[in-house]
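Q:
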Amino acid sequence: MCLQRHRAAGTARRQVLPSLTPERHVNRGSEVRMGRSSKDKRDIYYRLAKEEGWRARSAFKLLQLDHEFNLFTGVNRAVDLCAAPGSWSQVLSRKLRGREEKGDGGEEVKIVAVDLQAMAPLPGVTQIQGDITKVSTAQEIIRHFEGQPADLVVCDGAPD
Numbered sequence: 135m136c137l138q139r140h141r142a143a144g145t146a147r148r149q150v151l152p153s154l155t156p157e158r159h160v161n162r163g164s165e166v167r168m169g170r171s172s173k174d175k176r177d178i179y180y181r182l183a184k185e186e187g188w189r190a191r192s193a194f195k196l197l198q199l200d201h202e203f204n205l206f207t208g209v210n211r212a213v214d215l216c217a218a219p220g221s222w223s224q225v226l227s228r229k230l231r232g233r234e235e236k237g238d239g240g241e242e243v244k245i246v247a248v249d250l251q252a253m254a255p256l257p258g259v260t261q262i263q264g265d266i267t268k269v270s271t272a273q274e275i276i277r278h279f280e281g282q283p284a285d286l287v288v289c290d291g292a293p294d
């Protein structure tokens with residue numbers, strides 16, 4: 135994992151995520167490109183996700199967005215649309231509930247994950263197996279938040 139120092143607004147920040155450029159990585163003497171084939175799933179993010187216990191390498195996208203833009207600041211109610219396999223819900227759970235357990239949050243943290251596919255349970259995450267385009271699914275999300283608006287809605291979905 136490379137560490138890079140950045141100067142922004144006169145303060146030094148460390149970027150702890152590997153570069154997101156599509157660089158080639160050497161693996162056992164052969165050249166490997168990210169996402170080239172199922173055999174090449176051993177790219178840096180895949181390996182790092184497995185080492186750190188994330189469900190998928192996409193967790194690093196949300197972690198980097200939070201690192202750059204402080205997305206989770208002030209968030210107590212979050213919705214993850216198109217959530218399966220659950221890596222973004224896992225990030226939300228670890229970050230938001232971790233803050234709550236430290237006593238840094240005011241309200242109770244509520245996280246709702248929605249997908250057509252079932253997911254393995256995650257601590258502190260309410261799962262709804264439903265279609266995000268249906269009004270009934272939206273109404274179920276609102277019920278879980280007891281009529282309060284979500285502070286953050288994330289979606290890493292793509293049309294099938």
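FYI, our numbering numbers position 140 of the sequence shown as 274, with every residue one higher than the one before it.
Heads up, the beta-carbon is just placed ideally off N, CA and C, and yes, glycines get one too.
Computed from a prediction, not measured in an experiment: that's the story for all the values here.
Please return the same chain residues whose Cβ sits closer than 7 Å to the Cβ of residue 293, not counting the five positions on each side in sequence.
A: As a first step, residue 293 is located in the sequence shown; it is residue number 159 there, counting from the start. Nothing meets the Cβ criterion.
Q: Mind checking residue 203: buried by the 16 CB within 10 Å criterion, or exposed?
A: The residue given as residue 203 occupies position 69 in the sequence shown. Exposed, since its Cβ has fewer than 16 Cβ neighbours within 10 Å.
Q: Return helix, strand or coil for residue 259, following the three-state DSSP convention.
A: Counting from one through the sequence shown, the residue named residue 259 turns up at place 125. In the structure shown, residue 259 sits in a strand (DSSP, three-state: E or B).
Q: Classify residue 285: buried if its beta carbon has 16 or more other beta carbons within 10 angstroms, exposed otherwise.
A: Within the sequence shown, numbered from 1, the residue matching residue 285 stands at position 151. So residue 285 counts as buried.
Q: By Cβ distance, which residues of its chain are closer than 7 Å to residue 281, with the 5 residues on each side in sequence left out?
A: Stepping through the sequence shown from its first residue, residue 281 is reached at position 147. Answer for residue 281: no residue qualifies.
Q: Beta-carbon separation of residue 225 and residue 182 under 8 Å?
A: On the sequence shown, position 91 is the one that residue 225 refers to. On the sequence shown, position 48 is the one that residue 182 refers to. No, Cβ-Cβ distance for residue 225 and residue 182 is not below 8 Å.
Q: With a Cβ-Cβ cutoff of 8 Å, do residue 275 and residue 213 count as a contact?
A: Counting from 1 along the sequence shown, the entry for residue 275 is found at position 141. Counting from 1 along the sequence shown, the entry for residue 213 is found at position 79. Contact: yes.
Q: Helix, strand or coil, according to DSSP, for residue 286 in the structure here?
A: Position 152 of the sequence shown, counted from the first residue, corresponds to residue 286. Strand, per DSSP.
Q: Around the Cβ of residue 164, are there at least 16 other Cβ atoms within 10 angstroms (buried) or fewer (exposed)?
A: Walking along the sequence shown from the start, residue 164 turns up at place 30. In this prediction, residue 164 has a pLDDT of 44, which is less than 50 and means its spatial position is unreliable; what the coordinates show is noted afterwards. That one is exposed.
Q: Smallest Cα separation from residue 191: which of 205, 220, 251, 216?
A: Residue numbering aside, residue 191 sits at position 57 when the sequence shown is read from its first letter. Comparing Cα-Cα distances from residue 191 to each of 205, 220, 251, 216, the minimum goes to 220.
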